[in-house]
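Worksheet for the structure shown next.
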Amino acid sequence: MAISVKDVEHVAKLAHLEFEEKEKIGFTEKLGAVIGYIDKLNEVDVEGVEPTNHALEIKNVFREDVSEPSMDRDKILQNAPAKRSGCFEVPRMVD
Amino acid sequence: MKIHDLTAHEAGDRLRERELSSVELTEESYKRIEAVEGRVEAFITLTKEQAMLQASAFDQAMKRGENLPDLAGIPMALKDNMCTDGILTTCGSRMLGNFVPPYDATVTRMLKESGAVIVGKTNMDEFAMGSSTENSAFKITKNPWDTERVPGGSSGGSAAAVAAGEAFYSLGSDTGGSIRQPAAFTGLVGMKPTYGRVSRYGLVAFASSLDQIGPFGKDVEDCAMVMGAISGHDSKDSTSVNRPAEDFTKGMKDGVKGMRIGIPKEFFGEGISEEVKAMVLEGAKLYESMGAVCEEISLPSAKHALSVYYILATSECSSNLARFDGARFGYRAPNYQGFKDMFIKTRSAGFGEEVKRRIMLGTYSLSSGYYDAYYNKGLKVRTLIKREFEKAFEKYDFILTPTAPSVAFQIGEKSDDPLEMYMSDICTVPVNIAGVPALSIPCGFKDGLPVGMQLIGKFFDEATLLRAAYSFEQASGVHRQRAQLAGGGENEI
Amino acid sequence: MKYRTLVGLEIHAELLTESKMFCTCSAAFGGDVNTHCCPICIGLPGTLPVINKRAIEFAIMAGLSANCKIAGKSKMDRKNYFYPDLPKAFQISQYDMPLCTDGYLEIETESGTKKIGIERIHMEEDTGKSLHTEDGSSLLNYNRCGVPLIEIVSRPDMAGADEATAFLDKLKGILEYIEVSDVKMEQGSLRCDVNVNVVTDDGRKTEIAELKNLNSFKAAAKAIEYETKRHIKALEAGENTLKETRRWDDAKSVTVSMRSKEYAHDYRYFPEPDLVEMEISGEWIERIRKELPELPQAKKDRFMKTYEIPEYDAGVIVSSKSLAAFYEEAVKLSGDAKLASNFMMTEILRRLKDMDSDISNMPFGASDFADLLKFVISGTVSNNMAKKVFREMAETGKKAEKIIEEKGMKQITDESAIEEIVDRVISENPQSVEDYRNGKDRAVGFLVGQAMKASKGKAAPQTVNRMVREKLDK
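Protein chains in written order, with this note's numbering: chain L, 1 to 95; chain Z, 1001 to 1493; chain F, 2001 to 2474.
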């Protein structure tokens, strides 16, 4: 297999995802099949080829340093699953 | 002719000639929706109240004798990954099942300013990841040509809505073929503009360097009209290009005499059904009969496009989807211990399997030790693909290929094997990687199911594609067929 | 065994732009929670960043002021990690193509001037802030989220707490001078992390400890000293320290290991696809360079040369841009640089220290100060009297002229009046005259003192002195 269950567990941690034990193997297999396909890129010779980050050659897109009124707090908070005192509420962040 | 079978420009003509009011037109659309939506399931949200207000506003303006844009008063649909202020925007995901954006996407705003009537938000593969719309968390959209088959994806809802006569045109998004492939499966014209042509501000990002918004229409003129209304520089999108406004219908009827068409052999290999190949090559012959010259060309790096796509797109999406954690909006898991657990449980329950697979693949490609072999390698092979297209366009006006390897497949047929599903994109994906424009037009039928042909053009040369597509459709007449879905909106015009 | 401490600093400074880095929300400090927010800075789906040009220019200004090379090509990258105060779950920062590299600042040490290298200065955005409740929640306020930051990374060239403090002072002064940041640690517009390790002269070295939670330059200094001792202790015991992050506990004056993470951060940096690259032309850099105000070092050199004041004094005066401006204005109006400098170094600084404030809070301005100096120059008041006037000015804000008038502080310069006093004092103190005749020069001082007392301090001291001597020598 191109990828092991342990690899999947490690990547899942990075991505903040968790899988039930029973799903892990099936998921690992499917993911492995895709990685196996992608690994064909190893054969491609890219000697001296620069990476293309953007399809277009645009450079230097900026905005002037002008401030505009912000969005109403009510709208900012309108989708908050939990809020308190004008803030978004989450479980305590251990420092 | 049933009203719902009219093209958008035909409906527009009726409005301008005052044969129909926008309110009448919109009511027709809703009648049709009522009649067929149970079988098609193209929509997640219907916005009747707002639509009727938009329709009356148009009618009032007409009464005042105002000069209105071409798209004004015509009912349309938006894919549910485009933000609409105050209206549910789910991206086909449980993660955003209750998300109401407090702002409009730029295209939403532009359409509203053009007087468009938005009838609803359409179903899609979750977060635009899929080729069949079977990955939606809410419903499976059916192909109006055969309701046991998929409409394609990820913009399946937008395609089905137009093909079923529920809206006169719609917008979809295309990252690896998500407009073109559903257009092929549903007998519509669908266009992915040049990257940077249409603002992405307000489009929930899947793969930032590949995503583009584009139109579905019943014919080429519809697409050209919509392109004119949604294209343009947006200061809110740093990747949108600053070019003067363009009339995409200009030169559309000028014919293809003298055009040089490249036919890349790599797009006609194994993996593409024989009938589709044959039909596209017939299309090439039709072009020759109209005075164009077709030649076989080679784009050798195209065979790597799918791999490049599944590295770059998934890497970008793994980052774009990291904000979905239950803290500020969207779904939050009901039980957790601490914020980290809340993130993990929310994401694991809120995302479907395909989305999780792509996030994992992308995270893997970017992770320490793998970046060079995967992500960076992908960026370099991208350079090769782009260069090959650029070289081809030095000699050819456009490139002709099949859009999809087959006609619409059965619901459930490919959903178990991700790789097989990914293969649906083999002809469309190279286009997004290079950033060039492309469209799909119907070129025939196989067993009553539409077959699509893809035209790929130079950067910012949508005009050539529309012109070539227009010539084809006028000569072939394929686009005039409509899916036979009986019911509602029976008014004739 | 000789030990050498290596200290490196990682400093974040919030920039004084009008708007945030990637959106048009105000970057101003303060405001009710979540009232400086928009869909972009809270990372709502579909939103996109657009670079604030002024922020880039500020970063380049900082780079030029720190003798850095400015990149011809630069870009933004995504730094991916999950935390509730980071709405997009990535910070738009810079990874391998920062705006500025290879700079330095010079500091004064006991052994002379020393160059401290600056590895890089790059552009990034700030996160939101959190408040923790008693009942197990955290409340997120995204007002600061998206404010532009520059991160300045030094080379590990500092040898200990003193050099680190000197570097921080120098950097703070420069950033204040060019007005790109108000560098207030107490407001969070300046933050500092420290990297410390110790090497021995027989080639051993401890692992680098990263110290966080340093809320003042003093805390940084104490933390460095504590950590150095901790590392040396380990070395002496033949052990090594761990490569870790440690938190400075100011109350207990110790560093404490932060809960170790299960895995090191893998930030999965990749180029930000929503932003295009930057090409920074030579012309643009020159335009920025021309606009840079005179930096502290250059100003100090100029003051020493033009005003002929001692190095130490010049250094103190230029340490604050407003103080230097105050001084120059006063010199311009009064014409006496040395007098102005003396006064500043004594009375004004003392007053500022007492007030624990800066010159902008003085209840009078440079021209009022210049007026006082002019009274001293013209002899209207003596130096000593001027000090009293100054104190009154500082307390009440009244003009010098008014105070001198009201308190009758005018110096007595009238020779006949002074002669009268001197004659009286001499006649009242025959013993002193006798002492002087017998060689006790001290007697002059005594008589002068008595004359000054008799005149309530108003007699011109030099005149009194001269007259006493003249009369005694007769």
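Even for Gly, the Cβ is constructed at its ideal location relative to N, Cα and C.
Check: Which bits of chain F does Z/A1327 rub up against, with CB to CB less than 9 Å?
Finding: Taking the second sequence and counting its residues from 1, the one referred to as residue 1327 of chain Z is at position 327. Here the neighbours are P2084, P2087, L2140.
Ends of the beta strand (DSSP E) at Z/C1294? Within the second sequence, the letter at position 294 stands for residue 1294 of chain Z. Unbroken beta strand (DSSP E) run through Z/C1294: 1293-1297.
| said: Beta carbons nearer than 8 Å to chain Z: which residues of the stretch 2023-2046 of chain F have them? | reply: P2039, I2042, G2043, L2044, P2045, G2046
- request: Please list, in chain order, all residues of the same chain as Z/A1011 whose beta carbon is under 7 Å from its beta carbon, the five residues on each side excluded.
  value: Within the second sequence, the letter at position 11 stands for residue 1011 of chain Z. Here the set comprises L1025, I1074, F1168.
For L/H54, which residues does DSSP report across the bridge?
The count along the first sequence starts at 1 and reaches residue 54 of chain L at position 54. None; L/H54 has no bridge partner.
Grab me the residues of F/L2447's own chain with a C-beta within less than 7 Å of its C-beta, minus the 5 sequence neighbours each way, in chain order.
-> Within the third sequence, the letter at position 447 stands for residue 2447 of chain F. Answer for F/L2447: V2425, I2426, N2429, S2432, V2468, listed in chain order.
Is it right to say L/N79 is buried, meaning 16 or more other beta carbons lie within 10 angstroms of its own, or is it exposed? The residue you call residue 79 of chain L lines up with position 79 of the first sequence. Buried is the call here.
Report task. Establish whether the CB of F/D2266 and some CB of chain A are separated by less than 9 Å. Result -> The structure shown contains no chain A; its protein chains are L, Z and F.
Taking one C-beta from the stretch 2043-2053 of chain F and one from the stretch 2244-2258 of chain F each time, how about it: are there three or more such pairs within less than 8 Å? no
Whole-angstrom C-beta distance between Z/I1263 and Z/A1278, which should lie under 8 Å:
The residue you call residue 1278 of chain Z lines up with position 278 of the second sequence. The residue you call residue 1263 of chain Z lines up with position 263 of the second sequence. In fact, because the Cβ distance is near 13 Å, the residues do not count as touching under 8 Å.
May I ask you to report which of helix, strand or coil DSSP gives Z/R1000? The structure shown has nothing for residue 1000 of chain Z, since chain Z only spans 1001 to 1493.
- Which runs of the alpha helix (DSSP H) spanning at least 4 residues fall entirely within the stretch 1364-1433 of chain Z, listed in chain order? 1377-1395, 1418-1422
Query - chain L contact for F/P2098 (CB, 9 Å cutoff) - result: Numbered from its first residue, the third sequence carries residue 2098 of chain F at position 98. Cβ-Cβ to chain L under 9 Å: no for F/P2098.
message: Rounded to whole angstroms, what is the Cα-Cα separation between F/E2018 and F/I2056?
response: In the third sequence, counting from the first residue as 1, residue 2018 of chain F sits at position 18. In the third sequence, counting from the first residue as 1, residue 2056 of chain F sits at position 56. Taking the straight line joining both Cα atoms gives about 13 Å.
Amino acids of chain L, ordered along the chain, whose beta-carbon sits closer than 8 Å to that of Z/A1434: Within the second sequence, residue 1434 of chain Z is the residue found at index 434, counting from 1. Within chain L, the residues near Z/A1434 are A55.
Are the C-beta of Z/F1324 and some C-beta of chain F separated by less than 9 Å? Taking the first residue of the second sequence as position 1, residue 1324 of chain Z is located at position 324. Output row for Z/F1324: interface = yes.
How about the stretch 1300-1316 of chain Z and the stretch 1423-1436 of chain Z: do they share at least three Cβ pairs that are nearer than 8 Å?
yes
Point to revise | Residues from the stretch 1235-1266 of chain Z in contact with chain F, defined by Cβ distance under 8 Å | key: S1235, K1236, D1237, S1238, T1239
- Query: Apart from the five residues on each side of it in sequence, which residues of its chain come closer than 6 Å, Cβ to Cβ, to F/F2343?
  - Reply: Translated into the one-based positions of the third sequence, residue 2343 of chain F becomes position 343. So the list is empty, once near-sequence residues are dropped.
Straight-line Cα distance separating Z/M1342 from Z/G1092: By 1-based counting over the second sequence, the position of residue 1092 of chain Z is 92. By 1-based counting over the second sequence, the position of residue 1342 of chain Z is 342. About 22 Å.
When the Cα atoms are used, what is the spatial distance from Z/N1143 to F/W2284? The sequence position of residue 1143 of chain Z within the second sequence is 143, counting from 1. The sequence position of residue 2284 of chain F within the third sequence is 284, counting from 1. So the alpha carbons of these two residues sit roughly 56 Å apart.
Of the listed residues Z/R1016, Z/R1328, Z/F1460, Z/L1384, nearest to L/E89 (C-alpha basis): Position 89 of the first sequence, counted from the first residue, corresponds to residue 89 of chain L. Selected option, being the one with the closest Cα: Z/R1328.
Residues of chain F with CB under 9 Å from Z/S1315, in chain order?
Walking along the second sequence from the start, residue 1315 of chain Z turns up at place 315. Within chain F, the residues near Z/S1315 are R2268, F2270.
| the stretch 1035-1052 of chain Z / the stretch 2010-2026 of chain F touching (three or more Cβ pairs under 8 Å) | no
Per-residue burial, Z/M1252 [other beta carbons within 10 Å of its own, 16 or more giving buried]
Here the question's residue 1252 of chain Z lines up with position 252 in the second sequence. Flag for Z/M1252 reads buried.
So with Cβ pairs under 9 Å, would you call F/H2132 a contact of chain L?
For this step, residue 2132 of chain F is matched to residue 132 along the third sequence. So, interface residue.
Item to complete: To the nearest angstrom, report how far apart F/A2086 and F/S2137 are at their CA atoms.
Response: Along the third sequence, one-based indexing puts residue 2086 of chain F at 86. Along the third sequence, one-based indexing puts residue 2137 of chain F at 137. The sequence given here has Leu at residue 2086 of chain F, not Ala. Cα-Cα distance, rounded: 17 Å.
Notebook entry, point to check: Between L/L17 and Z/Y1364, what straight-line distance do the alpha-carbon atoms span, to the nearest angstrom?
Noted result: Counted from its first residue, the first sequence places residue 17 of chain L at position 17. Counted from its first residue, the second sequence places residue 1364 of chain Z at position 364. So the alpha carbons of these two residues sit roughly 13 Å apart.
> So, is F/P2293 buried or exposed, given that buried needs 16 or more other C-beta atoms within 10 angstroms?
Replying inline: Sequence index remark: in the third sequence, residue 2293 of chain F carries index 293 (1-based). It is exposed - the Cβ of F/P2293 has fewer than 16 other Cβ atoms within 10 Å.
Check your understanding: So with Cβ pairs under 9 Å, would you call Z/R1382 a contact of chain L?
Key -> For the purposes of this step, residue 1382 of chain Z is identified with residue 382 of the second sequence, where counting begins at 1. Closer than 9 Å to some Cβ of chain L, the Cβ of Z/R1382 qualifies, so yes.
Same chain only: Cβ atoms within 7 Å of L/K25, ignoring 5 sequence neighbours per side:
For the purposes of this step, residue 25 of chain L is taken as the residue at position 25 of the first sequence. In the sequence as displayed, the identity of residue 25 of chain L is Ile instead of Lys. So the qualifying residues of the chain are V5.
#### Entry: Any alpha helix (DSSP H) of 4 or more consecutive residues that is wholly inside the stretch 2034-2122 of chain F
2053-2065
Report the neighbours of Z/F1339 on chain F: residues whose CB is nearer than 8 Å to its CB, in chain order.
To locate residue 1339 of chain Z, count along the second sequence from 1; it is residue 339. In chain order: P2084, S2138.
Requested in this report: Identify each residue in the stretch 2138-2165 of chain F for which the Cβ-Cβ distance to at least one residue of chain Z is less than 8 Å, and report them in chain order.
Outcome: S2138, L2140
**Item:** Reduced DSSP category for L/R63 - H, G, I as helix; E, B as strand; rest coil
**Value:** The count along the first sequence starts at 1 and reaches residue 63 of chain L at position 63. Strand at L/R63.
Quiz item: Among the residues of its own chain, which have a CB less than 7 Å from the CB of Z/E1028, if the five just before and after it don't count?
Solution: Looking up residue 1028 of chain Z in the second sequence gives position 28. Closer than 7 Å at the Cβ level, and outside the excluded window around Z/E1028, lie I1003, H1004, G1489, N1491.
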